[in-house]
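> After the structure tokens below, expect a handful of questions from me.
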Amino acid sequence: MMDILLTGSVAYDYLMTFPGKFEEQILPERLSSISLSFLVDSMTRQRGGVAPNIAYTLALLGKKPRLMATVGEDFGDYRTWLDAQGVDTKSAQVVPGVFTASFFATTDQTSAQIASFYPGAMAHAAEQSLKDVTPKPDLVVVSPNDPVAMKNFAAECRELDIPYLYDPSQQLLRLEGDEIARDMQGAHFLFVNDYEFGLISKKTGLDLDGMLEQVKIIIVTRGKDGADVYADGNEYHIPTVPEQGIVDPTGVGDAFRGGFLAAYAHGWDWELCGQIGSLAAVYVLEQNGTQNHSYSREEFVTRFRQHFDDAGKLDILLY
């Protein structure tokens, strides 16, 4: 079984709803002295963070991923839950005296959103090192995290000759073009959405062909238009799986990555990897929260075969 180590953010998402419109409460002429408090109708706390989101899908599909991150003193319940799902959290390091990273978002009737992000324990991620991880993983996922930690983990992967997946996503705004190019170079995978691809191209001056000289496989997700996989000199278009209903798109890309990597761990072809990622993603779209969906592997295979032909390869998931 391929040993996949996931680095990246671990967070709690605090999601609130305001029954009015923000625009009706804001006085443009008083913006310099704005002072507002919104009485919200509801609040939920959801498990989140890119690394455990990906790990959760890998575990649903029968893998045993490892999570390496810095977390706060409030991580206990989250750790217990992840362990129960099959995620190895031994390398999730508690930082005394701080909380786990937290995302606070209030959404109004028009879907406008006011949000704050508290990095908390994530700010200590650079204190961890892949050199302390045993056994050495077969693949490391470098996903959004403290920027110094992301730089360090990519450098250590190159030094230790560990293949890695580079997924800068939300941190692209903080990274300069030379930093992005440096950590793409030598990466096994680059995972981005179409907007992020354009931003990387603008910051680095590289087009698709130029990026493929730096990284072996590029996957670009395109929302309702599916995804494209560029590998081995070929391009594979991956369509979306029809959803049973759209509830919340948050975490869809993370689930795609988890499904793709679960298939990659079996050594399956790129098109099949993308198709499994596509189905894994739609389960998140149909639920509120990034880790509230669930399915048995039998249910997953049955639904997959309604849309794609796996030539019997997915039978291995049933045993």
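Numbering (our numbering), first residue to last: 76 to 394.
Backbone N, C-alpha and C define an ideal beta-carbon position, used for all residues, glycine too.
Keep in mind that this is a model prediction, so the values were computed, not measured.
What's the C-alpha gap between Gly-364 and Asp-221?
Translated into positions along the sequence shown, residue 364 becomes position 289. Translated into positions along the sequence shown, residue 221 becomes position 146. Each residue's Cα considered, the two are about 23 Å apart.
> Would you be able to state if there are at least three C-beta pairs under 8 Å between the region 252-264 and the region 273-282?
The region 273-282 is in contact with the region 252-264.
> Relative to the C-alpha of Val-146, which candidate in Tyr-193, Thr-296 and Ile-189 has its C-alpha closest?
As a first step, residue 146 must be located in the sequence shown, where it is residue number 71. The residue with the shortest Cα to Cα distance from Val-146 is Tyr-193.
> In angstroms, rounded to a whole number, what distance separates the CA positions of Pro-171 and Gly-151?
Sequence index remark: in the sequence shown, residue 171 carries index 96 (1-based). Sequence index remark: in the sequence shown, residue 151 carries index 76 (1-based). Pro-171 and Gly-151: Cα-Cα distance of roughly 13 Å.
> Under 8 Å between the Cβ atoms of Val-322 and Glu-346?
Mapped onto the sequence shown, residue 322 falls at position 247. Mapped onto the sequence shown, residue 346 falls at position 271. No. Outside cutoff.
> Considering only C-alpha positions, which residue in the set Tyr-311, Val-327, Gln-350 and Asp-390 is nearest to His-368?
By 1-based counting over the sequence shown, the position of residue 368 is 293. Comparing Cα-Cα distances from His-368 to each of Tyr-311, Val-327, Gln-350 and Asp-390, the minimum goes to Val-327.
> Run the CB neighbour count on Met-286, radius 10 Å, all protein chains shown included, and call it buried at 16 or more, exposed below.
Here residue 286 is taken as the residue at index 211 of the sequence shown, counted from 1. Buried is the call here.
> Please identify the residue among Val-169, Ala-86, Glu-254 and Tyr-339 whose C-alpha is closest to the C-alpha of Asp-78.
As a first step, residue 78 must be located in the sequence shown, where it is residue number 3. Here the closest residue by C-alpha is Tyr-339.
> Using DSSP with H/G/I as helix, E/B as strand and the rest coil, what is Gln-160?
Along the sequence shown, one-based indexing puts residue 160 at 85. It is helical.
> By a C-beta neighbour count over all protein chains shown, 10 Å radius and 16 as the cutoff for buried, is Leu-111 buried or exposed?
The residue given as residue 111 occupies position 36 in the sequence shown. Exposed, by the Cβ-count rule.
> Quickly, what does DSSP pair Asp-282 with across the bridge? List them, please.
Within the sequence shown, numbered from 1, the residue matching residue 282 stands at position 207. Its beta-bridge partners do not exist; DSSP assigns none.
> How should Glu-374 be labelled, buried or exposed, when 16 other C-beta atoms within 10 angstroms of its C-beta is the threshold for buried?
As a working note, residue 374 is residue 299 in the sequence shown. With fewer than 16 other Cβ atoms within 10 Å, it is exposed.
> So, at 6 Å on beta carbons, what are the nonlocal neighbours of Gly-123 in its own chain, with the 5 sequence-adjacent residues on each side left out?
Within the sequence shown, numbered from 1, the residue matching residue 123 stands at position 48. For Gly-123, where only same-chain residues beyond five positions count, the Cβ hits under 6 Å are Ala-86, Asp-88 and Thr-365.
> Can you check the region 223-254 for any beta strand (DSSP E) of at least 3 residues that lies completely inside it and give the ranges in chain order?
Taking only runs of at least 3 residues, the beta strand (DSSP E) segments lying wholly in the region 223-254 are 239-241.
> Quickly, what does DSSP pair Leu-133 with across the bridge? List them, please.
Numbered from its first residue, the sequence shown carries residue 133 at position 58. Partner(s): none; Leu-133 has no beta bridge.
> For the ligand SAH, any of its heavy atoms closer than 7 Å to the Cβ of Pro-238?
Among the components modelled here there is no ligand, and therefore nothing to report on the ligand SAH.
> Looking at C-alpha atoms only, which residue of Leu-136, Lys-291 and Gln-184 is the closest neighbour of Asp-390?
In the sequence shown, counting from the first residue as 1, residue 390 sits at position 315. Considering only alpha carbons, the answer is Leu-136.
> What would DSSP say about Gly-182, mapped onto helix, strand or coil?
Translated into the one-based positions of the sequence shown, residue 182 becomes position 107. A small fix is needed here, since residue 182 is Thr in this sequence, not Gly. Strand.
> Can you check which of these residues, Leu-81, Gly-342 and Ser-191, is closest to Ala-180 by C-alpha distance?
In the sequence shown, residue 180 corresponds to position 105, counting from 1. Of Leu-81, Gly-342 and Ser-191, the residue nearest in Cα terms is Ser-191.
> Can you tell me whether DSSP reads Tyr-394 as helix, strand or coil?
Taking the first residue of the sequence shown as position 1, residue 394 is located at position 319. Correct three-state label for Tyr-394: coil.
> Report, in whole angstroms, the separation of the C-beta atoms of Ala-201 and Ala-224, which I expect to be a contact under 8 Å.
Counting from 1 along the sequence shown, the entry for residue 201 is found at position 126. Counting from 1 along the sequence shown, the entry for residue 224 is found at position 149. Correct: roughly 4 Å between the Cβ atoms.
> Does the structure place the region 153-170 close enough to the region 88-106 that three or more beta carbon pairs sit under 8 Å?
In short, these stretches do not touch, since the Cβ pair count stays below three.
> Taking C-alpha atoms, which residue in Gly-298, Ser-108, Glu-251 and His-263 lies nearest to Ile-275?
Taking the first residue of the sequence shown as position 1, residue 275 is located at position 200. Of the candidates Gly-298, Ser-108, Glu-251 and His-263, the one whose C-alpha sits nearest the C-alpha of Ile-275 is Glu-251.
> Roughly how many angstroms separate the alpha carbons of Glu-98 and Ala-187, rounded to a whole number?
Taking the first residue of the sequence shown as position 1, residue 98 is located at position 23. Taking the first residue of the sequence shown as position 1, residue 187 is located at position 112. One C-alpha to the other measures close to 9 Å.
> Looking at Thr-209 and Ala-196, is the spacing between their C-beta atoms short of 8 Å?
Within the sequence shown, residue 196 is the residue found at index 121, counting from 1. Within the sequence shown, residue 209 is the residue found at index 134, counting from 1. No. Outside cutoff.
> Quick check: the Cα distance between Gln-319 and Arg-233, rounded to an integer number of angstroms?
Position 244 of the sequence shown, counted from the start, is the residue given in the question as residue 319. Position 158 of the sequence shown, counted from the start, is the residue given in the question as residue 233. Cα to Cα, the separation comes out at about 42 Å.
> Return the CA-CA distance between Asp-242 and Val-376, expressed in angstroms with no decimal places.
Translated into positions along the sequence shown, residue 242 becomes position 167. Translated into positions along the sequence shown, residue 376 becomes position 301. Each residue's alpha carbon lies about 27 Å from the other.
> State the Cα-Cα distance for the pair Val-169 and Gly-387, rounded to the nearest angstrom.
In the sequence shown, the residue the question calls residue 169 occupies position 94. In the sequence shown, the residue the question calls residue 387 occupies position 312. Their Cα atoms are separated by approximately 43 Å.
> Runs of 3 residues minimum, wholly inside the region 85-139: which ones carry the beta strand (DSSP E) assignment?
For the region 85-139, whole beta strand (DSSP E) runs of length 3 or above, ordered along the chain, are 86-92 and 117-123.
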